[in-house]
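Below: the structure, in structure tokens.
2 protein chains.
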Amino acid sequence: MQGWQDIQAEALRRIQRREWTPGSLIPGEAELAREFGCARATVNRALRALAEDGWLERRRRAGTRVALSPQRRAQMSVPVLRQEIEAHGYVYTHQLLHAHTMDDTLFLHTLHLSDGVPYALENREINLSEVPAAASEDWTTLSANEWLVQNAPFDHGTMIYEAIAAAPFEAANLLCAEGSPLLVLRRETFSGTGLITCVTLAYAPAHAVRLQI
Amino acid sequence: MQGWQDIQAEALRRIQRREWTPGSLIPGEAELAREFGCARATVNRALRALAEDGWLERRRRAGTRVALSPQRRAQMSVPVLRQEIEAHGYVYTHQLLHAHTMDDTLFLHTLHLSDGVPYALENREINLSEVPAAASEDWTTLSANEWLVQNAPFDHGTMIYEAIAAAPFEAANLLCAEGSPLLVLRRETFSGTGLITCVTLAYAPAHAVRLQI
DNA sequence: TAGTGGTCTAGACCACGGC
DNA sequence: CCGTGGTCTAGACCACTAG
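Heads up: the protein sequence lines correspond to chains A and B, in order.
Okay, so the first sequence: first residue is 6 according to our numbering, each after it adds one.
Okay, so the second sequence: first residue is 6 according to our numbering, each after it adds one.
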């Protein structure tokens, strides 16, 4: 036993082997520090990491308990289509289908392709009062998907996945039958209080979103 | 300025106000500790938290830089259908449609309902050699979805979302037309090297998965 | 009110990796 | 090499809260 990661690993082992059972109180930091022959701060570091991962629940005075249902969480980033496609070894291209501006909103329709095959259809609105630089951008070389990731950092947002039936416009662009089931991602991102962009991404049929837990 | 959270907040402010620009080197821990009038460990705690959230990239010797594209990540838990449904104020029920055992695998088909309306159709396999207790469980009162969360903690796993067309079996149980687009979640969870369970969850039409970024 | 975790400090040594 | 972040220590005080 040397670093806090070793103590974390040992504690996790005890949880998984049920030496420390769900809901039960585990020894205090001081006692564990004595057992492992280290400072209390080191034990604190290890247990705090386990608590952040959902294995433990810690409360002052009440002590540390093994979580009743250790919920592992999957993490998902905002997808950058070029990276998704190139990670599979394919060539990424995109076509700007349509662009127009109304009031302070820029509307863009983009088709993303993988080795020339339709991959996803993007329908995006950009709030020009939040991102004025977007007004003078040439979307034929760099897609809005990539440009915004680099140029419009956001504080928070929402993502929604759902399944829809392909409408004629989607069917024509994604080269599938009308009514085909499509996975769709809708996303809104905000900076402070202002909406930056709002996008609907319809993936080609059979697309799957994979997450590691 | 008092605790590490204040230092974290101040650093985040400088990033968001572009006083520290993406890609640039920020002052070292020792210098910031001097500026804030605290110990280096306190600065370290604050900057480490920002790095874990993706705002900073830290490397020994190279120093700390503002991330080029501060990628916010969405977090998603393994859904517990009862909680999902009750969180919306509806009554959760479920029906065991089918169960049988072959070799060391238990096969279960379950329909989950929200206020009596079909919500999701679950097709599950449980590895009895990893979870022997599952063999003697009565699935009519507690669904496998809930039971496993409590009784079979896992180390890691994969989740896959995709869109499918409703087959006759799904259409009949989810009360929708054949061919309706359905959002489907496939999940495998493991403990150590062993597969615990593998589940396909077909949600009723128009279901959406919402994530906060 | 007493006991737990949360945090801070000052100092120290180490590991990594640009130079 | 040597400066940077990563970590550990021993001790201290504080915040919260169960009893």
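Positions of the beta carbon are idealized from the N, C-alpha and C atoms, including for glycine.
From the DSSP secondary-structure annotation, give me the bridge partner or partners of residue i.
i                     : result
residue 208 (chain B) : B:125
residue 203 (chain B) : B:130 and B:193
residue 179 (chain A) : Per DSSP, none; premise fails for residue 179 (chain A).
residue 119 (chain A) : A:97 and A:122
residue 62 (chain B)  : B:70
residue 145 (chain A) : In DSSP, residue 145 (chain A) forms no bridge with anything.
residue 163 (chain B) : A:217 and B:193
Starting from residue i, find everything on chain A with Cβ-Cβ shorter than 9 Å and list it in chain order.
i                     : result
residue 159 (chain B) : 75, 77 and 218
Taking Cβ-Cβ distances shorter than 8 Å, what residues in chain A pair up with residue i?
i                     : result
residue 165 (chain B) : 213, 214, 215 and 216
List, in order along the chain, the chain B residues whose C-beta lies closer than 7 Å to that of residue i?
i                     : result
residue 184 (chain A) : 184
residue 162 (chain A) : 218
How is residue i classed by DSSP in three states: helix, strand or coil?
i                     : result
residue 168 (chain A) : strand
residue 47 (chain B)  : helix
residue 213 (chain B) : strand
residue 32 (chain B)  : coil
residue 186 (chain A) : strand
residue 57 (chain A)  : helix
residue 157 (chain A) : coil
residue 7 (chain B)   : coil
residue 25 (chain B)  : coil
residue 135 (chain A) : coil
residue 173 (chain A) : helix
Who are the neighbours of residue i on chain A, taking C-beta pairs under 7 Å?
i                    : result
residue 82 (chain B) : 76 and 78
Compare the Cα-Cα distances from residue i to each of the options and report the closest residue.
i                     : options                       : result
residue 101 (chain B) : B:71, B:217, B:189 and B:147  : B:147
residue 103 (chain B) : B:188, B:36, B:149 and B:76   : B:149
residue 137 (chain B) : B:144, B:186 and B:201        : B:201
residue 8 (chain B)   : B:32, B:44, B:141 and B:160   : B:44
residue 73 (chain A)  : A:30, A:97 and A:113          : A:30
residue 199 (chain B) : B:190, B:176 and B:162        : B:162
residue 181 (chain B) : B:192, B:212 and B:158        : B:212
residue 139 (chain B) : B:160, B:121, B:105 and B:167 : B:105
residue 187 (chain A) : B:57, B:85 and B:168          : B:168
residue 191 (chain A) : A:135, A:130 and A:157        : A:130
residue 218 (chain B) : B:81, B:132 and B:66          : B:81
residue 48 (chain A)  : A:62, A:111, A:33 and A:58    : A:33
residue 157 (chain B) : A:77, A:123 and A:108         : A:77
residue 79 (chain B)  : A:97, A:67 and A:166          : A:166
residue 88 (chain B)  : B:108, B:133, B:154 and B:132 : B:154
residue 108 (chain A) : A:116, A:132 and A:65         : A:132
residue 193 (chain A) : B:216, B:210, B:207 and B:204 : B:216
residue 36 (chain B)  : B:21, B:18, B:61 and B:69     : B:69
residue 25 (chain B)  : B:75, B:42 and B:39           : B:75
residue 27 (chain A)  : A:38, A:12 and A:60           : A:60
residue 179 (chain B) : B:53, B:110, B:83 and B:124   : B:124
residue 96 (chain B)  : B:110, B:117 and B:84         : B:117
residue 214 (chain B) : B:122, B:42 and B:189         : B:189
residue 172 (chain B) : A:119, A:10, A:185 and A:14   : A:185
Can you pull the chain B neighbours of residue i, defined as C-beta to C-beta under 9 Å?
i                     : result
residue 154 (chain A) : 74 and 76
residue 21 (chain A)  : 158, 160, 196 and 197
Please compile the residues from chain B whose C-beta is within a distance smaller than 8 Å of the C-beta of residue i.
i                     : result
residue 188 (chain A) : 166, 167, 168 and 188
Ranges of the alpha helix (DSSP H) found wholly within the stretch 77 to 113 of chain A, counting only runs of at least 4: As summarised for the stretch 77 to 113 of chain A, the continuous alpha helix (DSSP H) elements at least 4 residues long and confined to that stretch are 86 to 92, given in chain order.
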